[in-house]
Amino acid sequence: MVKELNIWLRDALEAADCVVSPRYFVGKTVAVLGATGFIGSILSYTVAQLGATVIACGRNKTRLDELFVGQESVKVQEIDVTNAYLHFDTVPQIIINAASPADPQSFVNNPVQTMLSNINGVKNVLDYAVEHHVEQVLYVSSGEIYGYFLNEHLLREEELGYLDLLSSRSCYPQSKRAAETLCASYAQQFGIDVRVARPSHVLGPQFTQTDSRASAQFFRDSCSGRDIELTSAGTQIRTFVYISDCVAGILSILSAGEKSVAYNVSNSAYPVSFADFARAVGRVGGVQVHIPQAEHQINQNQSLKRIAQLDNTRLMSLGWSPQINFESAVERTFALLRSNDTLAKES
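In UniProt numbering, the protein residues as written are 1 to 347.
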């Protein structure tokens, strides 16, 4: 556990060095909801490094205590964001809502809970912010909100594609869309300062052993010496971002961004196909990657595709820029996971 925390602290220190206007956070009290999650955990560490007092919140008090042991600037509090009446031991000046179901398996098995958690969770945060005059709320949304388009391209924040409203798999992106609109509605009606971050696919060693995302499985296999098996041709193009760059971007939205504006958090300079991502993970682990041949499709170019390439121009205009390129992100994630033996335990 100590080695794991040292790895996370290194990512947090690097993130803190890349935040735009970092002194903005000095002396503030910042509540991070979802602090045991992939993004929320490093957010909590980083905000503490910036001189703020952090209230790290989550549903699992034991896990919170493990993650933030010895962190004097971090106070842990057991909170379920879906509870109608939130209470913080100290009223924060800033709330970062990074609490959300993010495991694709939960989208399949619990679509109703996924939707209600996202929508009711942000509503409860916004109600608290209005009642207690919280200075800022940042909502961590998702690049999945963009949906499907005909052509591959870098997506700007004002674009919006197709989602099948009668597909239960739309529970996650559709509820994230609704949560963003709820943020905008509270801002307009009650005058609160709300901002939105839309991360692309995030890489880093904070994967949990139960993470069912394909990217986590690739690293899990590679760390364990198992060949990587794709279930499709992997032609979809994605942009990735390393966790320290992601966290620095999110915090820069708070310190330098605009009210009621959404920002993509991505490394747009390195779009990579899912197959090439798998190959990169396989290469660092010395394992083979098995990719099925693409089935021939008539008018394939005219079919809708889920687009996962995010344009980061708006965020970069604030002065933020990603520091870790794609290859380095893969190599670092693998090396840190291997050194910590986090995922290899499952072999």
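Built from N, CA and C at the ideal position, the CB exists for glycine as well.
The structure presented is a predicted model; accordingly, all values stated were derived computationally and were not measured.
- Query: Rounded C-beta distance between residue 188 and residue 237? I'm assuming under 8 Å.
  - Reply: Contact flag wrong, Cβ pair sits at about 35 Å.
- Burial state of residue 6, where buried means 16 or more other Cβ atoms lie within 10 Å: Burial call: exposed.
- Starting from residue 287 and walking both ways along the beta strand (DSSP E), at which residues does that stretch end? Per DSSP, residue 287 belongs to no beta strand (DSSP E) and is neither H nor E.
- Task: Please determine, among 244, 225 and 10, the residue with the shortest C-alpha to C-alpha distance to residue 283.
- Result: Closest option to residue 283, Cα to Cα, is 225.
- Message: Based on DSSP bridge pairs, tell me the residues matched to residue 149.
- Response: Residue 149 is bridged to 305.
- Take residue 245 as the anchor and find which of 10, 8, 9 and 18 has the nearest alpha-carbon. Among 10, 8, 9 and 18, the Cα nearest to that of residue 245 belongs to 18.
- Message: If I follow the unbroken alpha helix (DSSP H) through residue 114, where does it start and stop?
- Response: Its alpha helix (DSSP H) spans residues 111-132.
- Task: Have a look at 148, 260, 173 and 211 and flag the residue whose alpha-carbon is nearest the alpha-carbon of residue 196.
- Result: Closest option to residue 196, Cα to Cα, is 260.
- Message: Measuring only the C-alpha atoms, how far is residue 252 from residue 175?
- Response: Using only the alpha carbons, I get a separation of about 25 Å.
- Message: What residue range does the alpha helix (DSSP H) around residue 318 cover?
- Response: Run containing residue 318: none; DSSP gives neither H nor E here.
- Message: Checking the sheet assignment: what are the DSSP bridge partners for residue 57?
- Response: 33 and 77.
- Query: Which residue comes first and which comes last in the alpha helix (DSSP H) that contains residue 236?
  - Reply: In the DSSP assignment, residue 236 falls outside any alpha helix (DSSP H), carrying neither H nor E.
- Item | Three-state secondary structure assigned by DSSP to residue 250 | It is helical.
- Where the alpha helix (DSSP H) through residue 93 begins and ends: No alpha helix (DSSP H) contains residue 93, which DSSP labels as neither H nor E.
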